[in-house]
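Working notes for the structure below.
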Amino acid sequence: MYLYGASGHAKVIVEILEACGIEVEGLFDDSEAVESLFGYPVCRYGEEHNGQMIISIGNNGVRRSIAERVGGKFGVAIHPSAVISPRAAIGEGSVVMQGAVVQAEAKVGRHCIVNTGATIDHECHLGDYVHISPNATLCGNVTVGEGTQIGAGAVVVPGVHIGKWSLVCAGSVVTKDIPDNCIASGNRCEVVKYLNKE
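Going left to right, the sequence shown walks through residues 1406 to 1603 as this note's numbering numbers them.
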């Protein structure tokens, strides 16, 4: 498995792959300053490779841009301590980290991050390029639109729809639908700012 990106997020994914017994064949990074990570070689993309890849960059927009640019075959990395229902679906290029839980009939899109200790309950649907941050909890039947990030420790109550390319701030409690392209925060999670559309 190859990784695209050689910073902190890549370190976690390397250790997930090692824990799964999946060979890390190398990493790509746009920075010429990085030559190796944990002893694995770091090259500029475009050098010959043959195998699956995971984009090991935490920023959702950058991850999408790279996925669209490089194409190819994408793998999945799921830490052995994660609990994944056999009736859940995990899209290509996605990563499920230590202690995360993905319940029955949940659907995780392509190139998503389900971070450390996050919980995705039954029948939740995550669009592509979503990031569920550490210890965030999505109760049942939650929908999260493409490119949205749910902050660390946030809780989303059942049945809520969260739009595309939005940010739910850390520690928020989401009790109602959140629109596209906004930042939402607080105990009853209100929109605090609208963002420029992608």
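Backbone N, C-alpha and C define an ideal beta-carbon position, used for all residues, glycine too.
Predicted, not measured: the structure shown is a model, and the values here were computed from it.
Option nearest residue i by Cα separation, candidates the options
i     : options                    : result
P1584 : N1601, K1478, C1448, A1575 : N1601
V1507 : I1537, L1432, V1596, V1597 : I1537
N1540 : V1467, P1491, A1523, E1551 : A1523
L1408 : A1438, I1471, E1437        : I1471
E1430 : E1528, G1550, I1459, A1575 : I1459
L1422 : M1502, A1493, A1557, G1463 : M1502
D1526 : R1515, G1545, G1514        : G1545
L1531 : A1575, G1591, N1465, P1485 : N1465
G1576 : Y1450, E1528, A1589, G1444 : A1589
G1498 : S1490, V1513, P1485        : V1513
H1484 : A1411, D1435, C1574, G1426 : G1426
V1419 : R1474, V1500, E1440, V1475 : V1500
A1505 : W1570, S1441, S1486, A1493 : S1486
Simplified DSSP state of residue i, which is helix, strand or coil
i     : result
S1470 : helix
V1475 : helix
Extent of the continuous beta strand (DSSP E) run through residue i
i     : result
I1418 : That residue, I1418, is in no beta strand (DSSP E); its alpha helix (DSSP H) goes 1413 to 1425.
K1598 : 1595 to 1599
G1504 : Here G1504 belongs to no beta strand (DSSP E), and DSSP marks it neither H nor E.
S1490 : Careful: S1490 lies outside any beta strand (DSSP E) and carries neither H nor E.
Y1445 : 1445 to 1448
Y1409 : 1407 to 1409
S1436 : Taken as a continuous stretch (DSSP letters only), S1436 belongs to no beta strand (DSSP E), as it is neither H nor E.
I1588 : 1587 to 1590
I1460 : 1458 to 1460
Residue i classed as buried or exposed, judged by whether at least 16 other C-beta atoms fall within 10 angstroms
i     : result
F1479 : buried
D1582 : exposed
G1568 : buried
N1520 : buried
D1533 : buried
F1433 : buried
G1550 : buried
R1468 : buried
T1548 : buried
V1561 : buried
T1542 : buried
T1553 : buried
N1592 : exposed
G1444 : exposed
G1410 : buried
According to DSSP, residues forming a beta bridge with residue i
i     : result
A1482 : V1500
G1545 : Its beta-bridge partners do not exist; DSSP assigns none.
K1512 : A1494, H1530
T1521 : The partner list for T1521 (beta bridge, DSSP) is empty, contrary to what the question assumes.
V1429 : Paired residues: none, contrary to the question.
V1578 : V1560
V1573 : I1555, A1589
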